[in-house]
Amino acid sequence: MLRLIHDILFKERGLIYRVLSLALYTPLDQEAQEELRLAVGQLSSITSLQNLKDAVNGFRNSWLEAWNMPREKLLEEYTRLFTNDYPELKCPPYETFWVTGERVIYGPTIKDLEEIYKTAGLEPQPGVKLPIEHVALQLELMHYLVSSSLTQEQFLCLQEKMFQNHIQLWGKPYAECLERTARLNCYKATALLLRDFINLEETLFKNHSFCEEA
1 MLRLIHDILF KERGLIYRVL SLALYTPLDQ EAQEELRLAV GQLSSITSLQ NLKDAVNGFR
61 NSWLEAWNMP REKLLEEYTR LFTNDYPELK CPPYETFWVT GERVIYGPTI KDLEEIYKTA
121 GLEPQPGVKL PIEHVALQLE LMHYLVSSSL TQEQFLCLQE KMFQNHIQLW GKPYAECLER
181 TARLNCYKAT ALLLRDFINL EETLFKNHSF CEEA
């Protein structure tokens, strides 16, 4: 029974990381948008993350609403939030900014992030032009680590390191900034789900260290 509870929790954690990652990719990526639609449809089956119920429902409903609006409106909002806003981006989607306050990429935490990729046996996907410290890619990596840990125990400690050394550093301040800055409900709801999920993940790793077991 405990193993079953563990598997359900990890599968549902992986799903949350996946939908957050896809939501923070460019809407120009049709494949990512289709995957997001499919993943959003799976959110209603979540049972082990009841504290996220309101945030999950808000996320699902807001994205269903967004897909009914003109695509140009979604693209315009994404551009303003993630790539180009005057006089500067309010919430840069890169870890280095939230760690150092500097508007650069490849800051002091990048070597550790590269090492996590290497240990996981991964390389950045061909054709993906985003730096690996981009929030969407970090959430995608965490989805992979959580999902892989269901069958390969070495990923248990790796997901803990990824969260504590990276996602925990930028997750909540970025989410709070995105919520304040976003105009469309889909991005506000994404920010709220990210913030609430980070809180749950902090509690999980505070109460249970997988690295100590490794």
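Going letter by letter, the sequence shown gives residues 1 to 214 in full-length UniProt numbering.
All residues carry an ideal CB built from backbone N, CA and C; glycine is no exception.
Fair warning: this is a prediction, and the values are worked out from it, not measured in the lab.
**Q.** Simplified DSSP assignment, three categories, for Y106
**A.** Numbered from 1 along the sequence shown, position 106 holds the residue referred to as residue 106. If DSSP states are grouped into helix, strand and coil, Y106 belongs with coil.
Q: Look at the alpha carbon of W63 and the alpha carbon of C186, and state the distance between them as a whole number of angstroms.
A: Taking the first residue of the sequence shown as 1, we reach residue 63 at position 63. Taking the first residue of the sequence shown as 1, we reach residue 186 at position 186. Roughly 5 Å between the two C-alpha positions.
Q | Alpha-carbon to alpha-carbon, V19 and V40 | A | In the sequence shown, the residue the question calls residue 40 occupies position 40. In the sequence shown, the residue the question calls residue 19 occupies position 19. Cα-Cα distance, rounded: 7 Å.
Q. If you draw a straight line from the C-alpha of K172 to the C-alpha of A55, how long is it?
A. Here residue 172 refers to the residue found at position 172 of the sequence shown. Here residue 55 refers to the residue found at position 55 of the sequence shown. Each residue's Cα considered, the two are about 14 Å apart.
Q) Are three or more beta carbon pairs between the segment 148-159 and the segment 73-89 nearer than 8 Å? A) Too few Cβ pairs lie closer than 8 Å, so no.
Q) On the three-pair Cβ rule with 8 Å, is the segment 139-146 touching the segment 155-173? A) Result yes; three or more Cβ-Cβ pairs closer than 8 Å.
Q.
Taking only three categories from DSSP, how would you classify H208?
A. The residue given as residue 208 occupies position 208 in the sequence shown. It is coil, neither helix nor strand.
Q.
According to DSSP, simplified to helix, strand and coil, what is L20?
A. Residue 20 sits at position 20 when you count from the first residue of the sequence shown. Residue state, collapsed to three classes: helix.
Q: Assess, as a yes-or-no matter, whether the segment 163-170 is touched by the segment 91-107 under the definition of 3 or more beta carbon pairs within less than 8 Å.
A: By the Cβ test, the segment 91-107 is in contact with the segment 163-170, since at least three Cβ pairs between them sit closer than 8 Å.
Q. Taking one C-beta from the segment 132-141 and one from the segment 106-115 each time, how about it: are there three or more such pairs within less than 8 Å?
A. Judged by Cβ distances under 8 Å, the segment 132-141 makes contact with the segment 106-115, as three or more pairs qualify.
Q) Going along the chain, which residues of its own chain have a beta-carbon closer than 6 Å to the beta-carbon of C177, five neighbours each way excluded? A) Sequence index remark: in the sequence shown, residue 177 carries index 177 (1-based). Cβ-Cβ distances below 6 Å link C177 to C91 in the same chain, with the five nearest sequence neighbours on each side left out; the list follows chain order.
**Q.** Exposed unless 16 or more other CB atoms sit within 10 angstroms - verdict on Q33
**A.** The residue labelled residue 33 in the question sits at position 33 within the sequence shown. Q33 comes out buried.
Q: Alpha carbon to alpha carbon, how far is F82 from residue 303? Give it in angstroms, no decimals.
A: The requested residue 303 is not part of the displayed model; the chain covers only 1 to 214.
Q | Neighbourhood of L137 by C-beta distance below 7 Å, restricted to the same chain and skipping five residues each side | A | As a position in the sequence shown, residue 137 is number 137, starting the count at 1. Only L130 meet the Cβ criterion.
Q.
Counting C-beta neighbours from all protein chains within 10 Å, is the total for S21 16 or more, i.e. buried, or is it exposed?
A. On the sequence shown, position 21 is the one that residue 21 refers to. S21 is buried by the Cβ-count criterion.
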